[in-house]
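Visitor:
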């Protein structure tokens with residue numbers, strides 16, 4: 001599907017990031033912690049000003065272990081009462097993944113002065129860098 005088709009909100013797709021990682025370098029639990037640190041998992045079909053089913057909070061898993069870890073993380077965060085509202089993050093098996101068009105690759109690096117990047121993306125990236133500075137290269 002194209003970006004425009006997904007933005008219509010009627011394809012059933014979600015705007016996501018596929019993370020490829022080496023578990024000898026970073027563990028899945030840390031990735032889950034980062035995921036929940038930089039977005040609101042309590043708003044169905046919404047992230048900030050972006051509204052629609054394509055903006056739902058979802059984790060696509062590649063194994064039963066990843067699914068169990070994701071569900072366990074949600075249960076732990078719920079028990080801790082981290083958010084006042086219930087976590088609505090879906091946990092689903094990964095299916096086909098389509099990379100975004102070239103203009104959306106490295107979007108923040110290419111568009112740092114774009115208003116959406118300044119208001120939404122840059123603060124999330126800064127929070128991620130602050131929380132995980134000991135895990136980042138250079």
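Numbering (the numbering used here), first residue to last: 1 to 138.
Don't be surprised by glycine CBs; every beta carbon is placed ideally from N, CA and C.
Predicted model only: the values in this text are computed from it and were never measured.
What residue does the beta strand (DSSP E) around residue 93 start on, and which one ends it?
Guide: The residue you call residue 93 lines up with position 93 of the chain shown. Start and end: 90-93.
Visitor: Can you round the beta-carbon distance between residue 77 and residue 36 to whole angstroms, since I take them to be within the 8 Å contact cut?
Guide: As a working mapping, residue 77 is identified with position 77 in the chain shown. As a working mapping, residue 36 is identified with position 36 in the chain shown. Yes, they are in contact, since the Cβ atoms of residue 77 and residue 36 sit about 6 Å apart, within 8 Å.
Visitor: Exposed or buried, what is residue 32 when buried is set at 16 or more other beta-carbons lying within 10 Å of its beta-carbon?
Guide: As a first step, residue 32 must be located in the chain shown, where it is residue number 32. It is buried - the Cβ of residue 32 has at least 16 other Cβ atoms within 10 Å.
Visitor: Which partner residues does residue 46 have in the DSSP bridge list?
Guide: For this step, residue 46 is matched to residue 46 along the chain shown. Partner(s): 51.
Visitor: Residue 111 to residue 117, Cα distance in whole Å?
Guide: If you number the chain shown from 1, residue 111 lands on position 111. If you number the chain shown from 1, residue 117 lands on position 117. So the two alpha carbons sit approximately 7 Å from each other.
Visitor: Report the option in 96, 14, 60, 121 whose CA atom is closest to the CA atom of residue 107.
Guide: For the purposes of this step, residue 107 is taken as the residue at position 107 of the chain shown. The shortest Cα separation from residue 107 among 96, 14, 60, 121 belongs to 121.
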